[in-house]
Structures are given as structure tokens and as C-alpha cells.
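Undergrad:
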Amino acid sequence: MNAIFLMLMGLGAMALGYFVYSKFICEKIFKVDPNFRTPAHEMQDGVDYVPTNKYILWGHHFTSVAGAAPIIGPAIAVIWGWVPAFLWVVFGTIFFAGVHDAGAIWASSRNKAKSIGALTGDIVGNRARSIFMIVIFLVLLMVNAVFAVVISNQLINFPSATLPVWGAIVVALIIGQLIYRKNMSLLLVTVVGVIALYAMIYAGPMLPLALPEMVGPFSDNQSWIILLFVYAAIASLLPVWMLLQPRDYINGIQLFIGLILLYGAVLISGPDVVAPAFNTNVPEGTPSLIPLLFVTIACGAISGFHGLVSSGTTSKQLDKEPDVRFVGYFGAVGEGSLALAAIIAATAGFATLADWQAIYSSFGKGGVSAFINGGANILQAGVGLDTVLSQTLLTVMVVLFAGTTMDTGLRLQRYIFQEWGSIYNIGWMQKAAPATLLAVGSCLLLAFGAGGDGSGGMLIWPLFGTTNQLLAGLTLLVITVMLVKLRRPMWYTLAPLIFLLIMTTLGLLIQLKSFYDKGDWFLFTMDLVVLVAAILVSLECSSALTKQIKANKANPAAKEA
Amino acid sequence: MSLDKFKAWYQKASFYAEEAYNAPYRSAIARAKREQDDLFMLLIFSEMMGVPNPASYYTLELQPLLMERFHDWHIRMGLEHSPLDNIKCC
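Protein chains in written order, with the working numbering: chain A, 1 to 561; chain B, 1 to 90.
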């Protein structure tokens with residue numbers, strides 16, 4: 001099987017989804033109205049509510065939702081063979097993610113651009129809202145812990161990337177200063193910044209930097225994780241314009257460069273997919289494909305995190321309602337194409353099946369480093385970049401994404417702690433520094449508690465997936481209840497919702513058993529908490545929907561709105 | 001390509017780049033700026049509310065300049081009506 005064929009099939013199917021299915025969903029189900037006054041116009045204030053050109057809004061939506069997660073998930077999931085991962089990414093993007101993302105923007109813009117959390121309270125009920133807050137906190141906790149582990153692993157695997165990864169922070173700091181203090185032309189600064197970053201990527205392989213194997217009582221892996229959290233804690237306390245904003249901007253550029261390079265290299269070199277279509281010979285200890293595939297790939301197929309972006313910021317900038325199709329649905333297609341690139345790199349980037357099997361020697365192995373190694377081989381064959389240089393380039397891309405997500409995630413966690421501080425009247429918890437310390441502490445506890453040496457962070461990847469899917473389920477529930485209220489067909493959002501809830505609950509049960517067998521009580525407890533949340537979400541779904549359907553039946557006079 | 005065409009293209013590219021850079025963070029930055037401005041308002045009007053301010057001799061002349069913002073400020077601070085006896089804006 002040639003990777004070009006895989007790429008064209010995947011991209012073609014997603015394009016078809018965009019041109020046909022999203023048109024149907026937006027026009028017939030959401031019934032978007034070009035004359036509807038969106039909150040961006042209704043409440044325009046130049047701060048939060050700003051009508052924004054749809055291409056710019058798409059770029060900003062896409063770069064906020066696409067990160068390291070759509071690379072990590074698929075790169076782990078190809079262990080079951082490329083067909084299951086490919087099908088779930090493609091069909092997930094078309095029927096789940098696109099509908100979910102566009103739906104979240106639509107639901108929010110129809111409700112004064114409130115966030116999905118607030119909408120859950122208004123439309124489903126206050127109990128559901130509390131569950132929502134807990135699930136969000138768990139998602140943030142896990143994402144920070146997992147990403148710290150991912151970054152530290154890559155810095156150890158690819159020491160050539162250490163210099164550009166940390167150097168990128170310096171570049172971002174300088175860009176921030178030049179733009180805000182010196183008011184320099186952004187285009188000029190961009191060109192200089194990107195050249196500086198790539199110069200460092202070029203210099204990286206000549207100056208590989210690694211930590212000593214033991215730093216005091218900590219292994220190199222653990223020291224990297226601690227260093228990363230020290231960095232993230234400081235970064236999350238800085239004003240956004242200083243570091244986060246220029247970093248995000250560079251990442252956006254990196255994302256497009258990376259995607260173009262990878263797809264271009266696949267087209268030129270046309271590598272063969274060496275991984276089996278269905279892996280019948282999975283390493284021992286690999287959990288069953290159903291349901292674990294559907295929680296291992298969350299971002300790239302459907303991810304609740306998108307709902308937060310869609311309803312929190314994107315919906316406040318929506319110029320015209322029909323734009324939800326391009327911004328939301330096509331944003332999901334963009335992320336699906338990143339996940340597809342990850343699948344291709346992790347399955348077609350190796351010379352033989354034996355090489356591939358050596359990398360995927362057990363569940364959770366492979367993953368990002370398979371993406372980087374495979375992607376680098378494809379880049380070398382396609383565009384002729386030196387392998388080590390390509391590895392450095394891809395490592396920098398993944399690590400920068402993950403690092404920015406840690407910065408944002410820690411910031412959000414701090415806000416949650418500060419909010420709890422004000423709810424329960426705890427004075428010190430309302431201050432930024434102690435709240436950040438609490439957030440970092442809980443993440444470190446998870447990163448170290450999960451595996452002892454910090455490397456166990458990857459064990460929680462599927463657990464992160466389940467939490468993320470629960471969040472998506474809650475968003476789909478809000479959209480479904482709104483549709484039922486408007487007396488429109490509900491199955492286009494209800495079917496994905498039911499599917500997600502079943503797979504998530506099954507996934508949690510299977511993992512619960514494996515944590516129990518291993519005697520890993522820390523993760524067992526975490527799993528149990530998420531399982532309770534999953535059951536509560538399912539109960540909320542059935543009660544909210546039956547209530548609304550009964551209300552509709554009791555009042556048949558009201559026609560479709 | 002003629003110079004005019006290039007200029008037009010450059011301006012368009014600049015616009016998109018500026019928007020891509022600023023749009024995601026516009027609200028966070030505006031909010032941070034507002035917080036700083038609010039603190040400044042408090043310093044300017046502190047004497048009137050019984051908080052002694054050694055710089056009030058200098059800040060007094062700034063008061064008329066900040067009058068426009070006064071109403072929005074006290075609403076934001078959670079006071080429905082003007083807290084000052086001598087300045088009634090609502």
C-alpha cells in the first residue's frame with residue numbers, strides 16, 4: 001500500500017465531508033441564518049466581542065485546537081495496524097469532530113456566546129455544570145502531566161533538539177519585546193524570528209545537549225520534567241504578550257511549515273506503508289482495540305477540548321453565522337489532516353516491517369518518537385533533508401506545541417484554583433503564585449505518581465483520552481438538547497454522543513481492571529473518579545433528553561422554531 | 001511585478017499577519033490593560049474616598065481628564081452609584 005494513496009483517500013474523504021456533510025448539517029440541522037446578528041456584532045466591545053474575518057478566525061481556531069495531541073494519539077494507536085487508526089481519524093473527523101466543533105460554535109453564538117460550561121448549566125442543569133467543571137480540571141491535570149512526560153522523553157531521545165527547543169523561548173521573548181516596546185513591523189520580525197529558529201534547528205545537531213544521567217536523587221527524565229514545570233510555572237505567570245502570544249504565533253507558522261513539508265515529502269517520495277493493515281501480532285499487554293482505539297485517538301477524531309475553544313473565544317468573534325461551517329468544521333478537517341500525517345509518518349516512515357515492530361515493542365512505546373523517526377525518514381527521502389536535521393525539526397515542532405499547551409493549561413488550572421479560593425473564602429488561594437504552585441504540585445504528583453520515575457506519564461494517555469471524550473459528550477449533549485427543543489432531528493448529534501459514552505465507559509472499565517491487576521492504586525483511583533463522572537454524565541444525558549422530549553409532547557402545538 | 005502591486009501585496013500580508021498575531025490575545029491584553037487603568041483610577045480618586053495619597057496635589061489636575069471613564073469604573077468596581085459625594089455621575 002502506497003502512502004500517497006492513503007493520503008489522497010483520507011484527504012479526499014475529509015474534503016467530501018466538508019463539501020457535502022457539513023453543508024447538510026449546517027443548512028438543514030443547525031439552519032444557520034446569514035441574517036442572524038451574531039454576538040460579535042450584538043455585543044461588540046473591541047475586547048472580547050470582535051467580528052473577525054472568517055479566514056483569520058479559522059487560522060486562529062485551527063492553531064488553538066491543533067497541538068501535540070493529534071500527533072501523540074494516532075502515533076500510539078497505529079499499534080493495532082493502520083486501518084483502524086485511519087478509519088477512526090477520517091470518519092471521526094467527518095461525523096464526530098466536525099459536527100461537534102461547528103455545533104459548539106453555533107450553540108454558543110445562539111446563546112450570547114456563553115461558554116459550553118455556562119451553557120451546560122443553563123440548558124441541562126446545575127448538577128451537569130458541576131460535573132463539567134470537575135471534568136475540565138481532570139483534563140487539564142492530565143494534559144499537563146502527559147505533555148511534560150512527552151517532552152522530557154523527546155529531549156532524551158533527540159538531544160539535538162534541546163538547543164532549538166529552549167532557544168525558541170528566547171526568540172519568542174525577543175519578538176514579544178520588539179513588537180510591544182519597539183513597535184516594529186510584524187512581518188519583518190516574523191521573517192527574522194523564523195530564520196533565527198531554523199538557524200538554531202540547523203545548529204542543534206552540531207551541539208546536542210543532554211542532562212547527566214543522575215542529577216542528585218533524580219534521573220535525567222525526572223529532572224527534565226521538573227525543569228519543564230518550573231518553566232511552565234514562570235511562563236504562566238508572565239503577561240501573555242511577553243511569551244505566550246509570540247510563541248503561539250511561531251507555533252502556528254511551524255504547524256503550516258510542518259504540514260506542507262510532510263505532505264510534500266510523502267507526495268515526492270511515495271513511501272510504502274510497512275505497518276500491517278490490521279496488526280494480528282500485537283505485543284503482549286496491548287489492550288483490545290475496541291474500545292481503547294476510540295479513547296487513544298481523541299484529538300484528531302473528536303476532542304472535547306475543541307468545545308472549550310469554540311465556545312470560549314471563537315464564538316465571540318464570529319462575523320456571520322454561516323461562517324461556523326468554515327471555521328468549525330474545516331478547523332476539525334485541518335486537525336484531522338494533522339492526525340493523518342502522524343499516521344502516515346508512524347506507519348510508512350520505516351524501511352521494513354521488522355523495523356516497525358522493533359519500535360512498537362509494547363503498548364505506549366512508539367508514539368511520538370515513532371512519528372519523529374518515521375517522519376524524518378520520509379522528509380529525508382522526499383525533500384532530501386538530513387535525517388538528524390529532520391528529526392530535530394519534527395521534535396521542535398511537537399515539543400513547542402506541547403510546551404505552549406502546558407503554559408496555557410497551567411494558566412487555566414491556576415484560574416480554577418483561584419476561583420475555588422474565592423468560592424470557599426480561602427484568601428491565600430486567590431493569589432496567583434500560591435495557586436500556580438498548587439497547580440504545578442498536582443501535575444507533578446500525577447506525572448511522578450503514575451509511574452514512579454515519571455516515565456509512567458504515558459500510562460495515563462488513554463485515561464486523558466476518556467476524560468477528553470467525556471467533555472465532548474457533554475458538549476454534544478448541550479447541542480442535542482438545543483436541537484430537540486427546536487424540534488429538529490437529534491440523531492446526527494445523539495448517535496455520536498451515545499457511541500462516545502459507550503466507548504468511554506467500556507475503556508474506563510477495561511483500564512480499571514488492568515490498574516487493579518497491576519496493583520497501581522494511584523491510577524486506579526483516578527480511573528474510578530473519571531468512571532463516576534462518566535456514569536453521572538450518562539445519567540444526565542438520559543434525564544435531560546427525556547425531560548425535553550416529554551415537554552415537547554405535552555405541548556404539540558408549538559411548531560418547529 | 002510593479003512596485004505598487006508589491007506594496008499592495010505587502011500591506012495585505014501585513015494585515016493578515018497582524019491579525020493572526022493579535023486576534024487570539026486581544027481580549028486578554030485589553031483586560032490586563034483595564035486592570036492597570038483601574039488601579040490608576042483608584043490612585044487618582046483615593047483622596048476623595050478618604051484614602052490619604054501624598055501625591056494628590058499632582059493627581060488633582062488629572063481628575064477632569066478621567067471624568068469620562070469614572071462612571072464605567074465605579075460600575076466595574078461593584079458600586080451601582082457614584083461613591084463620591086461631590087461627583088454625581090448617575
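Ideal placement from N, C-alpha and C gives every residue a C-beta, glycine not left out.
Remember, it's a predicted structure, so these values are computed and weren't measured experimentally.
(1) Enumerate in chain order the residues of its own chain whose CB-to-CB distance from proline 34(A) is below 8 angstroms, with the five nearest sequence positions on each side excluded.
(2) What whole-angstrom Cβ distance do tyrosine 18(A) and tyrosine 492(A) have, given they're in contact under 8 angstroms?
(3) In or out: proline 489(A) buried (at least 16 other Cβ within 10 Å) or exposed?
(4) Do you know whose CA, among Phe464(A), Ser538(A), Thr286(A) and Gly473(A), lies nearest glycine 73(A)'s CA?
(5) Quick test of your reading: proline 239(A) and alanine 32(B), contact by CB under 8 angstroms. State the CB separation rounded to the nearest angstrom.
(6) Classify leucine 211(A) as helix, strand or coil using the three-state DSSP reduction.
(7) Which of helix, strand or coil does DSSP assign to serine 82(B)?
(8) What is the rounded straight-line gap between the Cα of leucine 149(A) and the Cα of leucine 57(A)?
(9) Which residue's Cα is closest to the Cα of serine 514(A): Gly285(A), Val440(A) and Pro70(A)?
(10) Give me, in chain order, the residues of the same chain whose beta-carbon lies closer than 6 angstroms to that of proline 291(A); leave out the 5 immediate sequence neighbours on both sides.
(11) Taking the continuous alpha helix (DSSP H) assigned at glycine 421(A), which residues delimit it?
(12) If you reduce the DSSP assignment to three classes, tell me which class threonine 52(A) lands in.
(13) Given that a residue counts as buried once 16 or more other Cβ atoms are within 10 Å of its Cβ, and exposed if not, what is alanine 113(A)?
(14) Taking alanine 472(A) and histidine 60(A) to be in contact with their CB atoms under 8 angstroms, please state how far apart those CB atoms are, rounded to whole angstroms.
(15) Please list, in chain order, the chain A residues whose beta carbon lies closer than 7 angstroms to that of alanine 8(B).
(16) Any Cβ of chain A within less than 7 angstroms of the Cβ of glutamate 68(B)?
(17) Can you list, in chain order, the residues of the segment 252-280 of chain A whose Cβ is nearer than 8 angstroms to any Cβ on chain B?
(18) Name, going along the chain, the residues of the segment 55-80 of chain B whose beta-carbon falls closer than 7 angstroms to a beta-carbon of chain A.
(19) What span of residues does the alpha helix (DSSP H) with cysteine 26(A) cover, start to end?
(20) How many angstroms separate the CA atom of arginine 69(B) from the CA atom of cysteine 90(B)?
(21) Is the segment 148-164 of chain A touching the segment 209-224 of chain A, taking contact as three or more C-beta pairs under 8 angstroms?
(22) Just the chain A side, please: which residues come within less than 7 angstroms of serine 27(B) by C-beta, in chain order?
(23) Just checking: is the beta-carbon of leucine 186(A) within a distance shorter than 7 angstroms of some beta-carbon in chain B?
(24) Less than 7 angstroms between CB atoms is the rule here; does isoleucine 56(A) satisfy it with respect to chain B?
(25) Just checking valine 324(A) against the ligand PLP - is the residue's beta carbon closer than 6 angstroms to any of the ligand's heavy atoms?
(26) Quick one: is proline 83(B) near chain A, going by C-beta distance under 7 angstroms?
(27) For glutamine 245(A), would you say it is in contact with chain B, using Cβ-to-Cβ distances shorter than 7 angstroms as the test?
(28) If we require 4 or more residues per run, which alpha helix (DSSP H) segments fall completely within the segment 2-42 of chain B?
(29) Determine the closest residue to phenylalanine 36(A) out of Ile225(A), Leu318(A) and Thr405(A), with distance taken between C-alpha atoms.
(30) Under the three-state reduction of DSSP, which class applies to leucine 459(A): helix, strand or coil?
(31) Rounded to whole angstroms, what is the Cα-Cα separation between glycine 10(A) and proline 208(A)?
(32) Do you know how far the Cα of glycine 449(A) is from the Cα of phenylalanine 522(A)?
(33) Leaving out the 5 sequence neighbours to the left and right, which residues in its chain are closer than 6 angstroms to alanine 561(A) when beta-carbon positions are compared?
(34) Please list, in chain order, the chain A residues whose beta carbon lies closer than 7 angstroms to that of glutamate 18(B).
(35) Assuming the contact rule is C-beta atoms closer than 8 angstroms, serine 152(A) and leucine 228(A) should be a hit. Round their C-beta distance to whole Å, please.
(36) Using DSSP's beta-bridge definition, name the partner residues of leucine 640(A).
TA: Put simply:
(1) In the first sequence, the residue the question calls residue 34(A) occupies position 34. So the list reads Lys320, Glu321 and Pro322, once near-sequence residues are dropped.
(2) Here residue 18(A) refers to the residue found at position 18 when the first sequence is read from its first residue. Here residue 492(A) refers to the residue found at position 492 when the first sequence is read from its first residue. Going by Cβ atoms, the distance from tyrosine 18(A) to tyrosine 492(A) rounds to 16 angstroms, so no, they are not a contact pair.
(3) Residue mapping note: residue 489(A) aligns to position 489 of the first sequence, counting from 1. Under this definition proline 489(A) is an exposed residue.
(4) Counted from its first residue, the first sequence places residue 73(A) at position 73. Cα-wise, what sits closest to glycine 73(A) is Phe464(A).
(5) What you label residue 239(A) is simply residue 239 of the first sequence in a count that begins at 1. What you label residue 32(B) is simply residue 32 of the second sequence in a count that begins at 1. The pair is a contact, with the Cβ atoms about 6 angstroms apart (cut-off 8 angstroms).
(6) As a working mapping, residue 211(A) is identified with position 211 in the first sequence. Three-state result, leucine 211(A): coil.
(7) Sequence index remark: in the second sequence, residue 82(B) carries index 82 (1-based). DSSP places serine 82(B) in coil when its eight states are reduced to three.
(8) As a position in the first sequence, residue 149(A) is number 149, starting the count at 1. As a position in the first sequence, residue 57(A) is number 57, starting the count at 1. Going by the sequence as given, residue 149(A) is valine instead of leucine. Cα-Cα distance, rounded: 32 angstroms.
(9) Here residue 514(A) is taken as the residue at index 514 of the first sequence, counted from 1. Comparing Cα positions, the closest option is Gly285(A).
(10) Here residue 291(A) refers to the residue found at position 291 of the first sequence. Counting only Cβ-Cβ distances below 6 angstroms, and skipping sequence neighbours, we find Met503, Leu506 and Gly507.
(11) Position 421 of the first sequence, counted from the start, is the residue given in the question as residue 421(A). Start and end: 387-423.
(12) Position 52 of the first sequence holds residue 52(A). It is a strand residue.
(13) Here residue 113(A) is taken as the residue at index 113 of the first sequence, counted from 1. The residue in question, alanine 113(A), is buried, as its Cβ has 16 or more Cβ neighbours within 10 Å.
(14) In the first sequence, residue 472(A) corresponds to position 472, counting from 1. In the first sequence, residue 60(A) corresponds to position 60, counting from 1. Not really, about 21 angstroms apart at Cβ, beyond 8 angstroms.
(15) Against the second sequence, residue 8(B) aligns to sequence position 8. Ordered by position in chain A, no residue passes the 7 angstroms Cβ test against alanine 8(B), which lies about 14 angstroms from the chain.
(16) Numbered from its first residue, the second sequence carries residue 68(B) at position 68. Glutamate 68(B) does not count as touching chain A.
(17) Gly252
(18) none
(19) Taking the first sequence and counting its residues from 1, one reaches residue 26(A) at position 26. Note, cysteine 26(A): premise wrong, no alpha helix (DSSP H); not H, not E.
(20) Residue numbering aside, residue 69(B) sits at position 69 when the second sequence is read from its first letter. Residue numbering aside, residue 90(B) sits at position 90 when the second sequence is read from its first letter. Spanning the two alpha carbons is a distance of roughly 13 angstroms.
(21) yes
(22) Taking the second sequence and counting its residues from 1, one reaches residue 27(B) at position 27. Per Cβ cutoff of 7 angstroms: Val47 and Asp48.
(23) The residue given as residue 186(A) occupies position 186 in the first sequence. Chain B, which has a Cβ nearer than 7 angstroms to the Cβ of leucine 186(A), makes this yes.
(24) Taking the first sequence and counting its residues from 1, the one referred to as residue 56(A) is at position 56. Yes, because at least one Cβ of chain B sits closer than 7 angstroms to the Cβ of isoleucine 56(A).
(25) Absent from the structure shown: the ligand PLP. Ligands present: none.
(26) Numbered from 1 along the second sequence, position 83 holds the residue referred to as residue 83(B). Not one chain A Cβ lies under 7 angstroms of proline 83(B).
(27) As a first step, residue 245(A) is located in the first sequence; it is residue number 245 there, counting from the start. Judged by the 7 angstroms Cβ criterion, glutamine 245(A) is in contact with chain B.
(28) 3-22
(29) Locating residue 36(A) in the first sequence gives position 36, counting from the first residue. When each option's Cα is compared against that of phenylalanine 36(A), the closest is Leu318(A).
(30) On the first sequence, position 459 is the one that residue 459(A) refers to. Reduced to three states, the DSSP call for leucine 459(A) is helix.
(31) Within the first sequence, the letter at position 10 stands for residue 10(A). Within the first sequence, the letter at position 208 stands for residue 208(A). Glycine 10(A) and proline 208(A): Cα-Cα distance of roughly 37 angstroms.
(32) Here residue 522(A) corresponds to residue number 522 of the first sequence, with the count starting at 1. Here residue 449(A) corresponds to residue number 449 of the first sequence, with the count starting at 1. So the alpha carbons of these two residues sit roughly 7 angstroms apart.
(33) For the purposes of this step, residue 561(A) is taken as residue 561 along the first sequence, with counting starting at 1. Unreliable placement is indicated for alanine 561(A), whose pLDDT of 49 sits below 50; the coordinate value is still reported in the next sentence. Only Leu486 meet the Cβ criterion.
(34) On the second sequence, position 18 is the one that residue 18(B) refers to. Correct list: Leu186.
(35) Position 152 of the first sequence holds residue 152(A). Position 228 of the first sequence holds residue 228(A). Yes, serine 152(A) and leucine 228(A) are in contact; Cβ-Cβ is about 6 angstroms, under 8 angstroms.
(36) With chain A running from 1 to 561 in the structure shown, residue 640(A) is simply not present.
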